[in-house]
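First comes the structure, then the notes that go with it.
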Amino acid sequence: MPQSRRRKMLRELVSLVSLVLGLLAARASLADHYYVPSGSMRPGIEVGDRILVDKRAYGLRLPLTHLYALRYDRPAVGQVVVLDSPETGEVLLKRVVAVGGDSVSVRAGHLWLNGEPVPVSGAPGDLIERLGDRAHPVRLNAGGGPPLDPVRVPADHVLVMGDNRGNSRDGRMFGFVHVDAILGQALGVFLSDGNLTWKPL
Numbered sequence: 726m727p728q729s730r731r732r733k734m735l736r737e738l739v740s741l742v743s744l745v746l747g748l749l750a751a752r753a754s755l756a757d758h759y760y761v762p763s764g765s766m767r768p769g770i771e772v773g774d775r776i777l778v779d780k781r782a783y784g785l786r787l788p789l790t791h792l793y794a795l796r797y798d799r800p801a802v803g804q805v806v807v808l809d810s811p812e813t814g815e816v817l818l819k820r821v822v823a824v825g826g827d828s829v830s831v832r833a834g835h836l837w838l839n840g841e842p843v844p845v846s847g848a849p850g851d852l853i854e855r856l857g858d859r860a861h862p863v864r865l866n867a868g869g870g871p872p873l874d875p876v877r878v879p880a881d882h883v884l885v886m887g888d889n890r891g892n893s894r895d896g897r898m899f900g901f902v903h904v905d906a907i908l909g910q911a912l913g914v915f916l917s918d919g920n921l922t923w924k925p926l
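Per the working numbering, the sequence shown runs over residues 726 to 926.
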């Protein structure tokens with residue numbers, strides 16, 4: 726094979742490898758998608774939905790690591806986040822219901838935040854909870870799941886819960902989550918039941 730052709734093939738190979746590595750780094754550090762495997766976030770998010778995740782929401786991570794190179798924000802009450810489970814390490818989708826310094830409790834699936842009940846309106850089966858500046862559907866079947874006695878969230882931690890309170894393994898069982906375990910903010914559902922859509926979270 727002529728040397729000029731070998732050089733050309735090598736340049737093309739280097740370009741291809743660089744492109745693949747760049748795409749992997751972008752997916753790890755900038756944006757990603759998440760497949761919803763369970764019903765813990767029903768009724769707003771269904772099993773099989775695809776979620777767009779902004780991995781830059783709280784800072785920039787070093788590519789292919791969980792380490793922050795630069796942190797410029799923290800998860801806020803009401804946001805839906807993707808995180809590493811403190812129990813199994815698997816990726817979870819949950820809602821932040823309290824942040825560091827907040828006092829929080831749960832009674833029959835209803836949240837109390839800093840001594841005040843979080844507003845819930847609507848009829849059973851069609852409940853809307855207003856958490857922070859966000860309104861979202863919530864399900865309180867099966868008695869709303871386990872209670873949580875009043876507790877203060879430690880600094881640099883959050884409490885996360887599923888919107889399907891009676892069918893969610895969440896912070897009521899595994900405790901508070903360090904903010905470094907949050908992988909990004911879920912922005913919206915872009916694929917549901919095989920159809921392209923956009924449902925902001």
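For glycine and all other residues, C-beta sits at the position ideal for the given N, C-alpha and C.
Everything numeric in this text was worked out from a predicted model, so none of it was measured.
Could you check if residue i is buried or exposed, using at least 16 other CB atoms within 10 Å of its CB as the buried criterion?
i    : result
V772 : exposed
D918 : exposed
G834 : buried
S846 : exposed
D874 : exposed
I853 : exposed
L795 : exposed
G840 : exposed
G900 : exposed
W923 : exposed
L926 : buried
L921 : exposed
If contacts are defined as beta-carbon pairs under 8 angstroms, then residue i and residue j qualify, I think. What distance do you get, rounded to the angstrom?
i    : j    : result
K819 : D881 : Between D881 and K819 the Cβ distance is about 17 angstroms, and since that is not below 8 angstroms, they are no contact.
G857 : S765 : With 8 angstroms as the limit, G857 and S765 do not qualify as a contact, their Cβ atoms being about 20 angstroms apart.
G803 : R859 : 4 angstroms
Report yes if the C-beta distance between residue i and residue j is below 8 angstroms; otherwise report no.
i    : j    : result
D809 : A906 : yes
V824 : Y759 : no
V829 : L817 : no
V929 : V821 : Look at the range of the chain in this structure, 726 to 926, and you will see that residue 929 is not part of it.
V914 : R775 : yes
K780 : L865 : no
L912 : V778 : yes
Would you mind working out which of the options sits nearest residue i, comparing C-alpha positions?
i    : options                   : result
P844 : D851, L836 and G900       : L836
E812 : H758, R897, R796 and G826 : R897
G850 : A801, R786, V863 and N920 : V863
R890 : T790, V831 and R796       : V831
V878 : D779, D827, G803 and L792 : D827
V801 : K924, Y783, P762 and G769 : As written in the sequence, residue 801 is Ala, which differs from the Val given in the question. Nearest of K924, Y783, P762 and G769 to A801, Cα basis: Y783.
V904 : R767, L792, K924 and G769 : L792
L785 : W923, Q910, K924 and L926 : Q910
G814 : L787, V902 and N892       : V902
A867 : N892, V885 and H861       : N892
L789 : D757, I770, G769 and S763 : D757
G769 : H861, L916 and P872       : H861
Which parts of the segment 772-850 are runs of the beta strand (DSSP E), unbroken and 3 residues or longer, counting only runs that do not cross its ends? 775-779, 784-786, 793-796, 805-809, 816-824, 828-832 and 835-838
What runs of the beta strand (DSSP E), each 3 residues or longer, lie entirely inside the segment 867-923? Taken in chain order, the unbroken stretches of beta strand (DSSP E) that lie wholly in the segment 867-923 and span 3 residues or more are 873-877, 882-886 and 907-917.
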